[in-house]
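Here's the structure we're looking at; comments come further down.
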Amino acid sequence: MYFGSVKYLLAIINKLLTVYSKNGGCAYDIGCAFSKTLANSTLGPPIKEHFAFWDAGKYSALNALKLVQLLMAKLESIRVELCLNDNNFPEFFDQERIYLDNQLSIHYVEALDKLTERRAEWDLAHESANNALTEVNIGSLEQMNDALKQARIRVNSLYSKLQNTEMLVAHCEVVLSVDQRWVIGGEEYNCFKDKVTLGKYCAALDELECLVVMRLFKLSKLTFSGTGLRYKLHQKISKALQQRSDAIHNAINCYNVQATSLIPPRPKIAWKDITEYSFLGKFDLLRDSHTDVQDKD
């Protein structure tokens, strides 16, 4: 389109900037020459800002748009494959929110238990500090000074840990909107205490599983035929198995403690049970580790 004067072009640009601001756009076949005219006019500063915005952000915006389109396509493919409708997604969001709230409540109960332990440790250290001088021979200033120094270090260290735990509990209460702190043994506390115990059991079982898998890998290296293992390598693997066995013994003890704390208690496991596992499929305890997602609707 031909315009009789440049002033009409400037008026059009001014109107576009007024209505659309940075979101507007235009194109001219005389863009190179006209850009100089715009730069020398009163519209120069907003025009420079407009082009600076598009030069810096247009590629990021286009890449983001492509990414959104790709994700939308994948979402549509999953929706069709799983026979989902638009009403399912708010339900999934609510389920996830409830799950996260429960996890935070579990973390809050753990923090309350830790706070009780920290207070007991600090009270004991404070009492020990008050009685520190009674265990020192009278007249031994050096021993008195060392006793007071050790007591002060212990008290300060435990008090710092107590403060950190207090801050953690307070943070959980803010996020959960808890008006009054849960009482240990109370209704809210007991509601999630069983889940805390189950979580510790699952963690102990996961650690035991990891060690058993690593032991099976080491055994497979020893028994694999045709490897031509040298003596030194054989000794190295045997030593690693011995170290792994010590770690498994500790993991078994930890597991048995957590297994007996459940209601009802889970069966204990012994070292001879571990030695009979030739492959992971025989580790029946893994079936009780976590909730099977396949059971979900």
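In terms of the numbering used here, the sequence shown opens at residue 871 and continues consecutively.
Positions of the beta carbon are idealized from the N, C-alpha and C atoms, including for glycine.
The structure presented is a predicted model; accordingly, all values stated were derived computationally and were not measured.
Are the beta-carbon atoms belonging to residue i and residue j less than 8 angstroms from one another?
i, j, result
"residue 1126", "residue 1142", "no"
"residue 1070", "residue 1128", "yes"
"residue 988", "residue 1038", "no"
"residue 1078", "residue 1121", "yes"
"residue 977", "residue 1072", "no"
"residue 1068", "residue 1132", "yes"
"residue 1052", "residue 982", "yes"
If I follow the unbroken alpha helix (DSSP H) through residue i, where does it start and stop?
i, result
"residue 972", "958-1000"
"residue 1016", "1011-1046"
Is residue i buried or exposed, if buried means 16 or more other CB atoms sit within 10 Å of its CB?
i, result
"residue 1082", "buried"
"residue 979", "buried"
"residue 945", "exposed"
"residue 940", "exposed"
"residue 975", "buried"
"residue 1210", "The requested residue 1210 does not occur in the structure, where the chain is confined to residues 871 to 1167."
"residue 943", "exposed"
For residue i, collect the residues of the same chain with a Cβ closer than 6 angstroms to its Cβ; drop the 5 residues on either side in sequence, then sort them by chain order.
i, result
"residue 1028", "991, 992, 995"
Tell me which same chain residues have a C-beta within less than 8 angstroms of the C-beta of residue i, skipping the five on either side of it?
i, result
"residue 1144", "1082, 1085, 1118, 1122"
"residue 955", "949"
"residue 1135", "1129"
"residue 1030", "none"
For residue i, which residues of its own chain have a beta-carbon under 7 angstroms away from its beta-carbon, when the five flanking residues on both sides are left out?
i, result
"residue 1036", "985"
"residue 881", "none"
"residue 963", "none"
Please confirm whether any heavy atom of the ligand NAP lies closer than 7 angstroms to the CB of residue i.
i, result
"residue 945", "Judged by which ligands are present, the structure shown has none, so any question about the ligand NAP falls away."
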